[in-house]
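**Student:**
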Amino acid sequence: MSSPVDGDSQPPPPIGFEPQDGASNQRDGLPSDVVNITVQDEENGGAYADNINLLERSSQSAGAREALDESDQFFADGQRRIDYVLVHEPDPDPEDEPRKAQNRKNFEANLIEAGLQLEYVTREMPQDSGKIEKQEIHYVKVHAPWDFLTRYAEYLNIKMPLAKNDMTEKFDSCWSKFPTPFDYDESILPEIPDFFTAPFSRQRERQFIIEDRSTFFTPAQRSLLVHQFLSRAVFEDVGDRAKNKFGIKRMLSNGSYTAAYPLHDGEYIDEDATQTQGPDQNLRQLLYQTWARAGVWHKFQPLDHVRLYFGEKIAIYFSWLGFYTGLLVPAGLVGLIIFLYGCIRLPYNQTSKDICDEDGIGNLTMCPLCDGRCTYWRLARSCVYSRLTSLFDNEATVAFAAFMALWSAFFHEMWKRKEAEIEYDWDVADYEEEETIRPEFEASVRRRRINPINKAEEPYLTFTSRVCRLTSSLWAVVFMLCVVIAAVFAVIVYRTTVSALLYAVDQESVKERAATITSITAACINLVIIIILGRVYLIVARVLTNFELHRTLTEWEDSFTLKMFLFQFVNHYASLFYIAFFKGKLIGRPGHYNRELEGARQEECDPAGCLIELCIQLAIIMVGKQAINNFTEIILPKVMNWFKSRKIKEMEEKKKEKVARWERDYTMATMPELGLFDEYLEMVLQFGFVTIFVAAFPLAPLFALLNNILEIRIDAYKFITQWRRPLAMRAQDIGIWFGILRGISAIAIMTNASIIAFTSEFIPKLVYRYAYSPTDDLEGFVNFTLSVFNVSDFEPDSIPSDPKTELFGNVTFCRYRDFRAPPDAERPYKFTIEYWHVLTARLAFVIVFVISVWLLTWFVAFLVPDVPQAVKLQMLREKYLGREALLEAEHLRPGKITDSSSSQKDGTKPVA
Numbered sequence: 001m002s003s004p005v006d007g008d009s010q011p012p013p014p015i016g017f018e019p020q021d022g023a024s025n026q027r028d029g030l031p032s033d034v035v036n037i038t039v040q041d042e043e044n045g046g047a048y049a050d051n052i053n054l055l056e057r058s059s060q061s062a063g064a065r066e067a068l069d070e071s072d073q074f075f076a077d078g079q080r081r082i083d084y085v086l087v088h089e090p091d092p093d094p095e096d097e098p099r100k101a102q103n104r105k106n107f108e109a110n111l112i113e114a115g116l117q118l119e120y121v122t123r124e125m126p127q128d129s130g131k132i133e134k135q136e137i138h139y140v141k142v143h144a145p146w147d148f149l150t151r152y153a154e155y156l157n158i159k160m161p162l163a164k165n166d167m168t169e170k171f172d173s174c175w176s177k178f179p180t181p182f183d184y185d186e187s188i189l190p191e192i193p194d195f196f197t198a199p200f201s202r203q204r205e206r207q208f209i210i211e212d213r214s215t216f217f218t219p220a221q222r223s224l225l226v227h228q229f230l231s232r233a234v235f236e237d238v239g240d241r242a243k244n245k246f247g248i249k250r251m252l253s254n255g256s257y258t259a260a261y262p263l264h265d266g267e268y269i270d271e272d273a274t275q276t277q278g279p280d281q282n283l284r285q286l287l288y289q290t291w292a293r294a295g296v297w298h299k300f301q302p303l304d305h306v307r308l309y310f311g312e313k314i315a316i317y318f319s320w321l322g323f324y325t326g327l328l329v330p331a332g333l334v335g336l337i338i339f340l341y342g343c344i345r346l347p348y349n350q351t352s353k354d355i356c357d358e359d360g361i362g363n364l365t366m367c368p369l370c371d372g373r374c375t376y377w378r379l380a381r382s383c384v385y386s387r388l389t390s391l392f393d394n395e396a397t398v399a400f401a402a403f404m405a406l407w408s409a410f411f412h413e414m415w416k417r418k419e420a421e422i423e424y425d426w427d428v429a430d431y432e433e434e435e436t437i438r439p440e441f442e443a444s445v446r447r448r449r450i451n452p453i454n455k456a457e458e459p460y461l462t463f464t465s466r467v468c469r470l471t472s473s474l475w476a477v478v479f480m481l482c483v484v485i486a487a488v489f490a491v492i493v494y495r496t497t498v499s500a501l502l503y504a505v506d507q508e509s510v511k512e513r514a515a516t517i518t519s520i521t522a523a524c525i526n527l528v529i530i531i532i533l534g535r536v537y538l539i540v541a542r543v544l545t546n547f548e549l550h551r552t553l554t555e556w557e558d559s560f561t562l563k564m565f566l567f568q569f570v571n572h573y574a575s576l577f578y579i580a581f582f583k584g585k586l587i588g589r590p591g592h593y594n595r596e597l598e599g600a601r602q603e604e605c606d607p608a609g610c611l612i613e614l615c616i617q618l619a620i621i622m623v624g625k626q627a628i629n630n631f632t633e634i635i636l637p638k639v640m641n642w643f644k645s646r647k648i649k650e651m652e653e654k655k656k657e658k659v660a661r662w663e664r665d666y667t668m669a670t671m672p673e674l675g676l677f678d679e680y681l682e683m684v685l686q687f688g689f690v691t692i693f694v695a696a697f698p699l700a701p702l703f704a705l706l707n708n709i710l711e712i713r714i715d716a717y718k719f720i721t722q723w724r725r726p727l728a729m730r731a732q733d734i735g736i737w738f739g740i741l742r743g744i745s746a747i748a749i750m751t752n753a754s755i756i757a758f759t760s761e762f763i764p765k766l767v768y769r770y771a772y773s774p775t776d777d778l779e780g781f782v783n784f785t786l787s788v789f790n791v792s793d794f795e796p797d798s799i800p801s802d803p804k805t806e807l808f809g810n811v812t813f814c815r816y817r818d819f820r821a822p823p824d825a826e827r828p829y830k831f832t833i834e835y836w837h838v839l840t841a842r843l844a845f846v847i848v849f850v851i852s853v854w855l856l857t858w859f860v861a862f863l864v865p866d867v868p869q870a871v872k873l874q875m876l877r878e879k880y881l882g883r884e885a886l887l888e889a890e891h892l893r894p895g896k897i898t899d900s901s902s903s904q905k906d907g908t909k910p911v912a
């Protein structure tokens, strides 16, 4: 807990005056190498303009060329850092340009009035052959002086260094003393100093560790503080604060500006060296060498440096992704061992041996799989399916499912500890309590009330209005979920139709592969539907979330995330749930099929079960989605940047000069508007594949591990080399995603228990071995699971049009997969006692498995404390230092109580 903030920390509200024409900065007509610099007169409080003719860069000295990349981070005077860049191009519609120019004029005047300093540069871009008109790009460089930064740092409660952390060395473990191949040497990756911090206060400025005002705030913090005002600055004042148009976001959406971004720290690689190293490299180069290259895939991530460059929000994502990937190592290795165990046991699997025996059980005549066009078939046709199923359907899979349930519980508990450490180390423990109101909320809500905490007037949305908006949004979400279910239903119809057509083909090779072809094609179609519906629902969810009017950005993101995840959960997993728990379960029996689905028979499982079909569906969706995501994340940005960078190269060749940093960044791709949402969604859906259906596909954790090793470096490469530098947003944790992960883990316990009990053959095999087998093994198990049907009892629609008498002879009986009485029994075709024994065992297994795993996960949560002891001690130390700083400030303020001893005697506390 840090010390409270003194004094009035509220910055001036956004200014909405209309600047006079005489006070505006005229930029028209300036040559491309003339910079119009607007600065704030600190003494007189006014603004003045000066035109500075820049020297041709081609005449710069060699030493100046070496420092060019660094100089591009500053104004023309080489002293004031560029904290933000605004870009606009001439509007192709001449009638609309005056309105946009007026918007920019008002907006920039308000920036200057608030204390920001601006510098204008116009560049001429090379044109394609045949075009006569020149294309000019106008850049507005923004610098925040010390007074502006301190005001907004105090307003946002930014924590800054108060004292060096003197407790870090005491909590290093013994293992940390040993070097590993995963660590970097300090000569390559210097350690960032650790400090105790407190919310910045201008009145207590001298108490903070300020070695140099120009570097006290990092470039990431500077751009964030500037953005806070840009998001609130007015560009159209109509006299009513609730109706004013404001914010850089709206300026970008209406085309007044084409881009707004902070700058990267120079090039990410030194063009004069094959590998940039040493103290002279910038932070971007350091991160590229130690984080974004594929060659460092085995190294730990430099997360403190990532936070320093990109801010806490992005750094927390990479911290969570790295933590998740690290814990996938044991899960992937155990899954691989389970798969190898299945491969080793394959030649000895009695079930697959019986099915593949064409002279024995495999020669049984099976009932047709569809109406009319399908005919009888031999059980041996399922030989391949049964062998593939035996790879995963064994006793080791049960142990692995329990292991993964405990693994997920351990993952959640350990991440809570890691998150507590991150919240403290990165000074975001109280961020959500101190988060400011969204500008969109301020603009849309007209009702005002006094905040009971800070006694300031702020927008307020009534409970009735909030409930009405949430209810309306809920109905829209339910409708979209019904659309997804309808799409899944369409895929089921496709599977039924195609399966019947393939089984009716007069080629044995096609019939043998009919189930596999149907599963693969249906999975591919389902994958396409998932992608298309995902794009549609993204638009719908964004509109609904905006309609709900959330107060803070965190609330908006949590609501949007929950909607998108509910949709994507149904979108990705509905077909898997169908195969796992519904396919082949409600089909009826020969002679009395369930025809409630448009009068047609429902799909049946192979005699070997539906487990391998579930495995195929899961593998295609999981691996296919990962491949598509990796393509869109790395290939498309590179292609887009290549097209944009061609003009930059033409300009360099024409003028024989290096293009400035702010021009290069303009040609780069932008980070998606939703930020890290797509990255989190991709990984959380993967977490669902790894946990919910792991009993059907034990290799899922291994594939996830391999993908994530690449994902970390691909994402890092995007951020460093392909995207403009994103805003260094703050965050306290991974948000609602943690609750979603907990929910997935809870669902996974039940689904894995149900898959083992109802989808696999594990329970029927146990019942047969210990209750019905005369030899206590699985010999005869296949025959045990097949019932007998008299073909004279077929429904008219089910009689094969071509019974293939030349292959099967005159068939009087056929076999089907179920536990039913024979046709000559007292109650023909009724469930047998074996059916009820197996069902009871299945239900008992689910109950025992769920309760046992739940108790073990609770025990793991009980053993692992949420906050490490070392973090608790450091938090107490920081509280102590914060109190000491307050007491010291009381002694130094004039007019305040200076005798601390007297104030202690009468029981009063010093006034802060």
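Each step along the sequence shown adds one to the number in the UniProt record's numbering, with nothing skipped, and position 487 is 487. For every residue, glycine included, the Cβ atom is placed at its ideal position computed from N, Cα and C.
1) Report, in whole angstroms, the separation of the C-beta atoms of residue 575 and residue 488, which I expect to be a contact under 8 Å.
2) If you compare alpha carbons, which of 86, 720, 753 is closest to residue 397?
3) In whole angstroms, what separates the C-alpha of residue 616 from that of residue 759?
4) So, is residue 282 buried or exposed, given that buried needs 16 or more other C-beta atoms within 10 angstroms?
5) How far does the alpha helix (DSSP H) with residue 135 in it extend, from its first residue to its last?
6) In the DSSP assignment, find the unbroken beta strand (DSSP E) run with residue 412 in it and report its ends.
7) In three-state DSSP terms, what is residue 80?
8) Among 72, 208, 157, 770, which residue has its Cα nearest to the Cα of residue 262?
9) Does residue 207 pass the burial test, meaning 16 or more other C-beta atoms within 10 Å, or should it be called exposed?
10) Using the Cα positions of residue 944 and residue 627, report the straight-line distance between them to the nearest angstrom.
11) Ends of the alpha helix (DSSP H) at residue 155?
12) Could you tell me how far apart the beta carbons of residue 137 and residue 89 are, in whole angstroms, since I believe they sit closer than 8 Å?
13) Would you mind sorting residue 399 into buried or exposed? The rule is 16 or more other CB atoms within 10 Å of its CB.
14) Pull up the DSSP beta-bridge partners for residue 524, would you.
15) Within a Cβ cutoff of 7 Å, which residues of the same chain sit near residue 838, ignoring the five residues on either side of it in sequence?
16) Is residue 441 near residue 459, with beta carbons less than 8 Å apart?
17) Taking only three categories from DSSP, how would you classify residue 206?
18) According to DSSP, which residues form a beta bridge with residue 117?
19) Among 419, 534, 113, which residue has its Cα nearest to the Cα of residue 145?
20) Taking its Cβ as the centre, do 16 or more other Cβ atoms sit within 10 Å of residue 367, making it buried, or is it exposed?
21) Can you tell me which of 229, 243, 265 puts its alpha carbon nearest to the alpha carbon of residue 249?
22) Taking its Cβ as the centre, do 16 or more other Cβ atoms sit within 10 Å of residue 187, making it buried, or is it exposed?
23) DSSP on residue 215, reduced to helix/strand/coil?
24) Can you tell me whether residue 873 is buried or exposed, with buried defined as 16 or more other CB within 10 angstroms of its CB?
25) To which residues of the same chain is residue 388 closer than 7 Å at the C-beta, ignoring the five residues directly before and after it?
26) On the DSSP bridge assignment, give the partners of residue 588 in chain order.
27) Which full runs of the beta strand (DSSP E) of 3+ residues lie inside the segment 810-835, going along the chain?
28) Could you say if the segment 511-531 and the segment 542-559 meet the contact criterion of at least three C-beta pairs nearer than 8 Å?
29) For residue 804 and residue 376, which I take to be in contact (beta-carbon distance under 8 Å), what is that distance rounded to the nearest angstrom?
30) Note down the Cα distance separating residue 639 from residue 306, rounded to an integer number of angstroms.
31) In whole angstroms, what is the alpha-carbon distance linking residue 349 and residue 364?
32) With a threshold of 8 Å on Cβ separation, who are the neighbours of residue 868 within its own chain once the five nearest residues in sequence on each side are excluded?
33) For residue 162, name the three-state secondary structure that DSSP assigns.
34) What number of angstroms, rounded off, separates the C-alpha of residue 724 from the C-alpha of residue 665?
35) Give every residue of the same chain whose Cβ lies closer than 7 Å to the Cβ of residue 251, excluding the five residues on either side of it in the sequence, and list them in chain order.
36) Would you tell me roughly how many angstroms separate the C-alpha atoms of residue 426 and residue 312, rounded to the nearest one?
**Tutor:** For this structure:
1) 6 Å
2) 753
3) 14 Å
4) buried
5) It is not in any alpha helix (DSSP H) - residue 135 instead sits in the beta strand (DSSP E) that spans 135-143.
6) Per DSSP, residue 412 belongs to no beta strand (DSSP E); it is in the alpha helix (DSSP H), 395-425.
7) coil
8) 72
9) buried
10) Here the chain comprises residues numbered 1 to 912, so residue 944 is not present and cannot be evaluated.
11) Per DSSP, the unbroken alpha helix (DSSP H) holding residue 155 starts and ends at 146-155.
12) 5 Å
13) Exposed, by the Cβ-count rule.
14) Paired residues: none, contrary to the question.
15) The answer, listed in chain order, is 763, 764, 767, 819.
16) yes
17) In the structure shown, residue 206 sits in a helix (DSSP, three-state: H, G or I).
18) 143
19) 113
20) Burial check for residue 367: the Cβ neighbour count within 10 Å reaches 16 or more, so the residue is buried.
21) The candidate whose alpha carbon is nearest that of residue 249 is 229.
22) It is exposed - the Cβ of residue 187 has fewer than 16 other Cβ atoms within 10 Å.
23) helix
24) Residue 873 should be labelled exposed.
25) 612
26) 593
27) 813-817
28) no
29) 6 Å
30) 26 Å
31) Straight-line Cα distance between these residues: approximately 19 Å.
32) 417, 420, 421
33) strand
34) 6 Å
35) Within the same chain, residue 251 has close Cβ partners 103, 107, 235, 257.
36) 7 Å
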